[in-house]
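182 is the number that this note's numbering gives to position 117 of the sequence shown; each next residue is one higher, with no gaps. Encoded as structure tokens, the structure appears first; notes follow it.
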Amino acid sequence: MQLRYPTKLTFEEYATARAWQDARLDACPICPTGQCRPEGHGTYMRKMPAVAYVARFRCLTTGTTIGMLPDFYASRMPGTLSDLEEAVARAEAAPSVEAAANELRPDDAEPAVTLPTAVRWVRLRLAMVRSTLATVRGLLPELLECCVVTVRSFRERLGVGCALMALREICERHLHQLPAPLGLVPPPESGRLRWKRDQQSSGPDPPPAKA
Ligand SMILES: [Zn+2]
Numbered sequence: 066m067q068l069r070y071p072t073k074l075t076f077e078e079y080a081t082a083r084a085w086q087d088a089r090l091d092a093c094p095i096c097p098t099g100q101c102r103p104e105g106h107g108t109y110m111r112k113m114p115a116v117a118y119v120a121r122f123r124c125l126t127t128g129t130t131i132g133m134l135p136d137f138y139a140s141r142m143p144g145t146l147s148d149l150e151e152a153v154a155r156a157e158a159a160p161s162v163e164a165a166a167n168e169l170r171p172d173d174a175e176p177a178v179t180l181p182t183a184v185r186w187v188r189l190r191l192a193m194v195r196s197t198l199a200t201v202r203g204l205l206p207e208l209l210e211c212c213v214v215t216v217r218s219f220r221e222r223l224g225v226g227c228a229l230m231a232l233r234e235i236c237e238r239h240l241h242q243l244p245a246p247l248g249l250v251p252p253p254e255s256g257r258l259r260w261k262r263d264q265q266s267s268g269p270d271p272p273p274a275k276a
């Protein structure tokens with residue numbers, strides 16, 4: 066599962082400071098308060114926009130690994146929320162998706178990216194971000210009812226340069242229900258069930274490690 070690693074750092078600042086080393090997790094997000102203290106479980110690597118790491122912890126009761134995703138990263142896809150959002154903002158401002166694709170020619174796709182590939186790349190990101198903004202507007206009508214479902218409208222309303230990164234904080238309690246790239250991987254049901262079962266049985270086996 067993933068938890069938010071709240072940070073105002075940019076990707077560059079995080080990578081330079083090796084800030085994944087500062088991530089702390091004192092309370093287990095799966096087990097009842099005070100009954101489980103997760104142990105450090107190394108890091109995993111993300112390659113985009115350049116190599117950096119995400120701190121991991123592990124719940125000893127359920128064997129679940131917990132990634133501490135800093136606010137600038139998109140979840141379950143490569144890259145940062147701000148790069149993703151900027152591509153969508155430019156597509157919104159362009160006369161057509163084709164024109165935006167031609168201009169963007171995403172460099173995280175293949176080096177010699179063709180126009181049809183770039184168009185698919187832009188369409189996918191437009192759809193993901195619009196669907197995220199629409200969902201979030203529904204969750205927070207008091208704040209966002211006046212917005213249209215565009216990056217520009219959300220940035221203006223929130224007064225920020227990256228709406229998605231701001232929404233990580235604003236929507237914190239909904240993150241495990243929201244889809245990627247804003248939402249975070251929720252705790253596994255099986256982890257919760259195993260925890261319950263272990264509580265009920267007298268001598269549970271040690272939980273298996275899980276990547
Ligand atoms: Zn735990």
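Where a beta carbon is used, it is the ideal one built from N, C-alpha and C, also for glycine.
State buried or exposed for residue i, treating a residue as buried only when at least 16 other CB atoms are found within 10 Å of its CB.
{"i": "L90", "result": "buried"}
{"i": "Q67", "result": "buried"}
{"i": "V116", "result": "exposed"}
{"i": "T145", "result": "buried"}
{"i": "Y70", "result": "buried"}
Which stretch, first to last residue, makes up the beta strand (DSSP E) that contains residue i?
{"i": "A117", "result": "117-123"}
{"i": "L134", "result": "130-135"}
Closer than 6 Å by C-beta to residue i: which residues in its own chain qualify, once you throw out the five before and the five after it? Chain order, please.
{"i": "E78", "result": "none"}
{"i": "S218", "result": "C212"}
{"i": "A156", "result": "A165, V187, L191"}
{"i": "G248", "result": "L240"}
Skipping 5 residues on each side, what residues in its chain have a beta carbon closer than 8 Å to that of residue i?
{"i": "T72", "result": "Y79, A84, P135, D136, F137"}
{"i": "V214", "result": "R195, L198, A199, R202"}
{"i": "R170", "result": "V178, A183"}
Quick one: give me the first and last residue of the alpha helix (DSSP H) that residue i is part of.
{"i": "G224", "result": "Careful: G224 lies outside any alpha helix (DSSP H) and carries neither H nor E."}
{"i": "W186", "result": "180-204"}
{"i": "Y79", "result": "76-82"}
{"i": "V213", "result": "It is not in any alpha helix (DSSP H) - V213 carries neither H nor E in the DSSP assignment."}
Beta carbon of residue i, beta carbon of residue j: below 8 Å?
{"i": "H239", "j": "L204", "result": "yes"}
{"i": "G132", "j": "R121", "result": "yes"}
{"i": "L149", "j": "P246", "result": "yes"}
In terms of DSSP beta bridges, what is residue i paired with?
{"i": "Q67", "result": "G132"}
{"i": "M110", "result": "Y118"}
{"i": "E104", "result": "R123"}
{"i": "T145", "result": "Y138"}
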